[in-house]
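Protein chains in written order, with my numbering: chain A, 1388 to 1667; chain B, 1388 to 1667.
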């Protein structure tokens, strides 16, 4: 047998989007260092016909790999999951395993319906989330002032420190209205935050970054510019940090953090619950 | 005892962001119709001191609720999870339960380290995701043409049919470079797609919506305008759909679908794997 580029094939199978199966399955796989998997999503597996098709694919992979695939399943329907479990694979029933425990604890039966989690259940909550996305988009980079008062949080920091991806993530993932506003050299010269922000000071959250990383990020955009020079980055970061400290703005370094980690930290600090259920 | 607004308090506890614990826990809870939970995130629980603090909070909720809280845990460290398990609660060990099964199947030990899933593991893959977000932002609503050739997918459809949230979600969640381009009355008059799109026809994916829903969405933005009128919405949707059919562009109705469902469908159709591991 020729060496394969992967150790196992991993399937993420669901009667819905497969997002939970994939997220959670990947989380489990990440516990095994150096394990290489080929990852296949099988969303919307909501009929016996599709379940049989999945079995065929899984069995083919078992044959090609010479090793049993791993199947991470959030199938809730017993008939459909029964079919998939006939495949030659290690089947991990992510939902059923815990639903039984919860049924015992709660003293009631689960609906065991087709996975509904990522469907729209409350149109109002869903609309609130779409509104949050639109808000974050239209309040990116200090574009709009008029509605800043309705923001849940206003991220501030130097250009390219991670404000935009974080704002969008907060709105998409958590339904949080996150605006962002840049701190620029003119602000440092005046030694004042942008004036419009003072009335919303309790909503400000600062992002910062090491000058070295900022230099890298800016250099990709505008190589060899004064804007991207390490010297200028050092200067801006130092002044932004000292301004945020002076103004009592909470601050977090984004340098080695993922958007998820930055967002989780901000949520903890601003002590906001999700406006809508998380849609991860 | 006064009636509480919730049946149980649910904790989502993790040594990392808590995203997996929350997503998966919410997924399990959604199996129980009409169950009302008060949801509390306890991220970054990565020391014995924080674990003891969590126990105190959980026990207080048990006392206040008069019912045991539910604890959805992705704590990997045995010492920390051991402390949390002393709380008066139903403790669901989301990771450990399956890690044991996987250890058996894979014939190797899990690292059982502190949750690393949402950390940046590969700076290159992470940068690719940030690049995708920036791409989707700068290619929103047909803003830029120059780099359309590097898009993974180009969403088309009438104004306000859901292109922007879907593009941003695809980039943030899946690292997909998703551009979007509006179909406007001028295109319908000419009976041609916007000219620039013809060379990227294989990348196009159409979104559509019922005229009634479109009328609602547009009315929020511009009430009583011709743009938002039901008659105009009917006209635009009919013409957009017939154009997409004529041009052989795959099409999906967004009317009753969540962003997650739309994105999962698009990924299935364009048959793209995540550029980066999902970060849900």
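All C-beta atoms in this analysis are idealised placements derived from N, C-alpha and C, irrespective of residue type, glycine included. Quick caveat, the model's predicted, so the values are computed rather than measured.
Counting only beta-carbon separations shorter than 8 Å, does residue i have a partner in chain A?
i: residue 1485/B; result: yes
i: residue 1513/B; result: yes
i: residue 1482/B; result: yes
i: residue 1402/B; result: no
i: residue 1418/B; result: yes
i: residue 1498/B; result: yes
i: residue 1524/B; result: yes
In angstroms, rounded to a whole number, what distance separates the CA positions of residue i and residue j?
i: residue 1392/B; j: residue 1478/B; result: 22 Å
i: residue 1445/A; j: residue 1420/A; result: 24 Å
i: residue 1403/A; j: residue 1438/A; result: 13 Å
i: residue 1652/A; j: residue 1583/B; result: 42 Å
i: residue 1510/A; j: residue 1549/B; result: 15 Å
i: residue 1480/B; j: residue 1497/A; result: 19 Å
i: residue 1534/A; j: residue 1590/A; result: 13 Å
i: residue 1411/A; j: residue 1411/B; result: 7 Å
i: residue 1487/B; j: residue 1469/A; result: 23 Å
i: residue 1597/A; j: residue 1644/A; result: 12 Å
i: residue 1646/B; j: residue 1577/A; result: 43 Å
i: residue 1405/A; j: residue 1613/A; result: 46 Å
i: residue 1443/A; j: residue 1407/A; result: 23 Å
i: residue 1400/B; j: residue 1579/B; result: 53 Å
i: residue 1536/B; j: residue 1637/A; result: 41 Å
i: residue 1459/B; j: residue 1489/A; result: 11 Å
i: residue 1599/A; j: residue 1413/A; result: 32 Å
i: residue 1587/B; j: residue 1581/B; result: 11 Å
i: residue 1428/A; j: residue 1466/B; result: 34 Å
i: residue 1654/A; j: residue 1461/B; result: 19 Å
i: residue 1585/B; j: residue 1558/B; result: 23 Å
i: residue 1474/B; j: residue 1426/A; result: 37 Å
i: residue 1454/A; j: residue 1483/A; result: 25 Å
Are the C-beta atoms of residue i and some chain B residue less than 8 Å apart?
i: residue 1405/A; result: yes
i: residue 1492/A; result: yes
i: residue 1422/A; result: yes
i: residue 1626/A; result: no
i: residue 1609/A; result: no
Report the neighbours of residue i on chain A: residues whose CB is nearer than 9 Å to its CB, in chain order.
i: residue 1559/B; result: 1552, 1555, 1556, 1559, 1560 and 1646
i: residue 1575/B; result: Residues of chain A passing the Cβ test: none, with the nearest at roughly 25 Å.
I'd like to know whether the C-beta atoms of residue i and residue j end up nearer to each other than 8 Å.
i: residue 1398/A; j: residue 1435/A; result: no
i: residue 1630/B; j: residue 1592/B; result: no
i: residue 1441/A; j: residue 1476/A; result: no
i: residue 1563/B; j: residue 1527/B; result: no
i: residue 1552/A; j: residue 1520/B; result: yes
i: residue 1394/B; j: residue 1422/B; result: yes
i: residue 1556/A; j: residue 1650/A; result: yes
i: residue 1671/A; j: residue 1547/A; result: Only positions 1388 to 1667 of chain A appear in the structure, and residue 1671/A is not among them; the question remains open.
i: residue 1542/A; j: residue 1554/A; result: yes
i: residue 1627/B; j: residue 1545/B; result: yes
Give the interface partners of residue i over in chain A, defined as CB-CB distance under 7 Å, in chain order.
i: residue 1411/B; result: 1407 and 1411
i: residue 1430/B; result: 1651 and 1655
i: residue 1517/B; result: 1552
i: residue 1542/B; result: The premise fails here: residue 1542/B is roughly 15 Å from chain A at the closest Cβ pair, so nothing lies under 7 Å.
Please list the partners that residue i has in chain B, where partner means a Cβ-to-Cβ separation under 8 Å.
i: residue 1639/A; result: Ordered by position in chain B, no residue passes the 8 Å Cβ test against residue 1639/A, which lies about 12 Å from the chain.
i: residue 1468/A; result: Residues of chain B passing the Cβ test: none, with the nearest at roughly 14 Å.
i: residue 1461/A; result: 1414
By the criterion of Cβ-Cβ separation under 9 Å, what are the contact partners of residue i in chain B?
i: residue 1595/A; result: Neighbours of residue 1595/A on chain B: none; closest Cβ ~17 Å, over 9 Å.
i: residue 1547/A; result: Correct list: empty, because the minimum Cβ distance to chain B is about 10 Å.
Pull the bridge partners of residue i from the DSSP assignment, please.
i: residue 1442/B; result: Looking at the DSSP assignment, residue 1442/B forms no beta bridge with any residue, so it has no partner.
i: residue 1544/B; result: 1569/B
i: residue 1638/A; result: 1593/A
Taking Cβ-Cβ distances shorter than 7 Å, what residues in chain B pair up with residue i?
i: residue 1495/A; result: 1419
i: residue 1520/A; result: 1552 and 1555
For residue i, return the contacting residues in chain A, with the cut-off set at a CB-CB distance below 8 Å.
i: residue 1488/B; result: 1477 and 1479
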